[in-house]
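These notes concern the structure reproduced below.
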Amino acid sequence: MLNKTKVALVTGGAQRVGAAIVRHLHAQGWTVLVHYRHSQQAAMALVGELHNIRPMSAFSVYANLDKIDEIDALPKRILELTGGLDALVNNASTFYPTRIGRASLDDWNNLISSNARAPFFLSQALNPLLQEAHGTIVNIVDIHAQRPFKQHTIYCMAKAALQMMTYSLAKELAPKVRVNGVAPGAVLWPQAQTASAIANDTQQQILASVPLQRSGCPEDIARTVSFLINDAPYITGQIIAVDGGRSHTLGLE
Ligand SMILES: NC(=O)c1ccc[n+]([C@@H]2O[C@H](COP(=O)([O-])OP(=O)(O)OC[C@H]3O[C@@H](n4cnc5c(N)ncnc54)[C@H](OP(=O)(O)O)[C@@H]3O)[C@@H](O)[C@H]2O)c1
Numbered sequence: 042m043l044n045k046t047k048v049a050l051v052t053g054g055a056q057r058v059g060a061a062i063v064r065h066l067h068a069q070g071w072t073v074l075v076h077y078r079h080s081q082q083a084a085m086a087l088v089g090e091l092h093n094i095r096p097m098s099a100f101s102v103y104a105n106l107d108k109i110d111e112i113d114a115l116p117k118r119i120l121e122l123t124g125g126l127d128a129l130v131n132n133a134s135t136f137y138p139t140r141i142g143r144a145s146l147d148d149w150n151n152l153i154s155s156n157a158r159a160p161f162f163l164s165q166a167l168n169p170l171l172q173e174a175h176g177t178i179v180n181i182v183d184i185h186a187q188r189p190f191k192q193h194t195i196y197c198m199a200k201a202a203l204q205m206m207t208y209s210l211a212k213e214l215a216p217k218v219r220v221n222g223v224a225p226g227a228v229l230w231p232q233a234q235t236a237s238a239i240a241n242d243t244q245q246q247i248l249a250s251v252p253l254q255r256s257g258c259p260e261d262i263a264r265t266v267s268f269l270i271n272d273a274p275y276i277t278g279q280i281i282a283v284d285g286g287r288s289h290t291l292g293l294e
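In our numbering, the protein residues as written are 42 to 294.
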C-alpha cells in the first residue's frame, strides 16, 4: 500500500519515551510504525488510539532487535505496510546496573545489543529505504555516554558506542541521509521494583545536580526528536542534550 504521508519507525515505541515520540510525530501528520518486542498490548492500544484520530496512520511492528534475522526482515515488512520510510528513531534500550564483580556475559550481550548493536544493524538494513526518501535517523543516546553513571559501566559503554555511531553514520550516509542524536538526562525514572530501578535517595541527588532543579518529561525528548527530523535540514552529526543543564555539572558534584 503506497502512503504519501511521511513515515517514521520508532523502536521501543509502545510506551514511555518511545510512545511520546510516536504521539508527537503522529500529531504532526506523520504515519507511525510502532515497534515493540514484549509490549504487544501497549503497542496495539497506541495504534488503536492513533487510528481513531486518523485511519490507517499507525501500524505496529514486532521484532526482537537482539536477532539479526528479525532486523533484516523489517525493510520488507515496512515496504508492505507503508511503501517506504522517511525517519528511523533508534529509541529501544535496556538499562540496569552491572556492578563490578557481578556483571555477566548475558548482561554484556543485552546492554550492548539493545543500545548499540541493534541500532547499527537496523540503520544498515533500513539505509536503502532512507536513501530513497532522503530521510533521517535520530538516535536516543544518553548524557552518560560522555560521563559515567556509577554502577552502570556496560550501559554507559553501549551508549558511548551509539554516540560514535551517530557521528560516523552522519559521514557515511551523507549527503542524502542525516543522522543526529538526542541525549536525555533524567526524564522518566525506570519503574520501581524492577532491575532498572533507581533508589529514591539517588533520584534526589540526581535532581539536586540539575541546574533547572527538576526532571524533564518524555515530551521534551519528543519535541527535540521532531525538531531534528522536521526542522533541521542543515544539521547532521549532532547530539542535543535535553537534560536541564545537567551535563554541565556531571562529575563536578
Ligand atoms: N527514561 C529516561 O529518563 C532516560 C534517560 C536517559 C536516556 N534515556 C534513553 O531514552 C530512550 C527511551 O527511554 P525509556 O526509559 O522510555 O526506555 P525503556 O522504557 O527502558 O525501553 C524502551 C523499550 O525498548 C524496547 N527494547 C529493549 N530491548 C529491546 C530489544 N532487544 N528488542 C526490541 N525492543 C527492545 C522495549 O520494548 P518492549 O517493552 O516492547 O519489549 C522497551 O519498552 C532509551 O534509549 C534510553 O536509553 C532515557
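C-beta: ideal position from N, C-alpha, C; glycine also.
Alpha carbon of leucine 310 to alpha carbon of alanine 211, nearest angstrom: Only positions 42 to 294 of the chain appear in this structure, which leaves residue 310 out of reach.
Whole-angstrom distance between glycine 292 and alanine 60, CA atom to CA atom: If you take the alpha carbons of alanine 60 and glycine 292, they lie about 31 angstroms apart.
Alpha carbon of phenylalanine 162 to alpha carbon of isoleucine 109, nearest angstrom: Cα-Cα distance, rounded: 7 angstroms.
For glutamine 246 and threonine 290, the rounded distance between their alpha carbons: The straight-line gap from Cα to Cα measures roughly 12 angstroms.
Burial state of threonine 235, where buried means 16 or more other Cβ atoms lie within 10 Å: Looking at its Cβ environment, which holds fewer than 16 other Cβ atoms inside 10 Å, threonine 235 is exposed.
Reference glycine 176; option with closest CA among Tyr275, Ala68, Gly278 and Arg219: Closest in alpha carbon position to glycine 176, among Tyr275, Ala68, Gly278 and Arg219, is Arg219.
Start and end residues, beta strand (DSSP E) containing isoleucine 177: The question names isoleucine, yet the displayed sequence has threonine at residue 177. Bounds of the beta strand (DSSP E) holding threonine 177 are 177-181.
Helix, strand or coil at glutamine 196 [DSSP, three-state]: The residue asked about is misnamed: residue 196 is tyrosine in this sequence, not glutamine. DSSP places tyrosine 196 in the helix class (H, G or I) of the three-state scheme.
Contact set for alanine 174: own chain, Cβ-Cβ below 7 angstroms, skip 5 residues either direction: Cβ neighbours of alanine 174 within its own chain (closer than 7 angstroms, five residues either side excluded): Gly125, Leu126 and Asp127.
Contact test: isoleucine 181 Cβ vs ligand 1 heavy atom, cutoff 8 angstroms: Yes, Cβ of isoleucine 181 sits closer than 8 angstroms to a heavy atom of ligand 1.
Aspartate 183 burial status per 10 Å Cβ neighbour count (16 or more: buried): Answer is buried; the Cβ neighbour count reaches 16.
Those residues which DSSP pairs with phenylalanine 190 across a bridge: BP columns for phenylalanine 190 are empty, so no partner.
Nearest-angstrom Cα separation, counted from glutamine 279 out to glutamine 34: Residue 34 cannot be examined here, being either before or after the span of the chain that is shown, 42 to 294.
Per-residue burial, isoleucine 281 [other beta carbons within 10 Å of its own, 16 or more giving buried]: A buried status is given to isoleucine 281, since no fewer than 16 other beta-carbon atoms sit within 10 Å of its beta-carbon.
Inter-residue spacing [alpha-carbon to alpha-carbon] between alanine 238 and alanine 227: Each residue's Cα considered, the two are about 13 angstroms apart.
Element boundaries [beta strand (DSSP E), containing leucine 8]: Any answer about residue 8 is impossible in this case: the structure gives the chain only from 42 up to 294.
Check: leucine 106 C-beta below 8 angstroms from any heavy atom of ligand 1: The nearest non-hydrogen atom of ligand 1 is less than 8 angstroms from the C-beta of leucine 106.
Beta carbon of asparagine 131 nearer than 9 angstroms to that of threonine 72: Pairing asparagine 131 with threonine 72 gives a Cβ-Cβ distance that is not under 9 angstroms.
Alpha carbon of valine 102 to alpha carbon of asparagine 221, nearest angstrom: Taking the straight line joining both Cα atoms gives about 23 angstroms.
Through-space distance from leucine 106 to arginine 78, alpha-carbon basis: Here the alpha carbons of leucine 106 and arginine 78 stand approximately 8 angstroms from one another.
Inter-stretch contact (C-beta, 8 angstroms, three-pair minimum) for the region 133-148 and the region 79-90: Short answer: they don't touch.
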